[in-house]
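Each residue of the sequence shown is one higher than the last, beginning at 395 in the numbering used here.
Beneath this line is the structure, given in structure tokens, with notes to follow.
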Amino acid sequence: TLEHFESAFFMPNIMDFNSFEQWSAEGAKDHDTRGREKARAMLADYQEPKLDEGIAEGLRDLIARREEKLPDSVS
């Protein structure tokens, strides 16, 4: 029903629902191009999450211990 329209259907945000004329006027970007642009924008806007220092130290310790056990060819 119209009441559930916005939550019942998945509307990908890289899809272009404009008319052909408007799509052409705006650069005629295909979905691959729009997807790459969105991915680049997401990476550019990425902010590393803040970790509790104890957790961060534990992760560094785990990584150091695993690197000691792995062959030298793995970097």
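Idealized CB from N, CA, C, for every residue including glycine.
All values reported here derive from a predicted model rather than from experimental measurement.
- By the criterion of a C-beta distance shorter than 8 Å, residue 421 is surrounded by no residue of its chain, once the five residues flanking it on both sides are discounted.
- When the beta-carbon positions are compared, residue 410 and residue 428 come within less than 8 Å of each other.
- Shown here, residue 420 sits in coil according to DSSP, grouped into three states, outside any helix or strand.
- Residue 448 and residue 434 have their C-alpha atoms roughly 32 Å apart.
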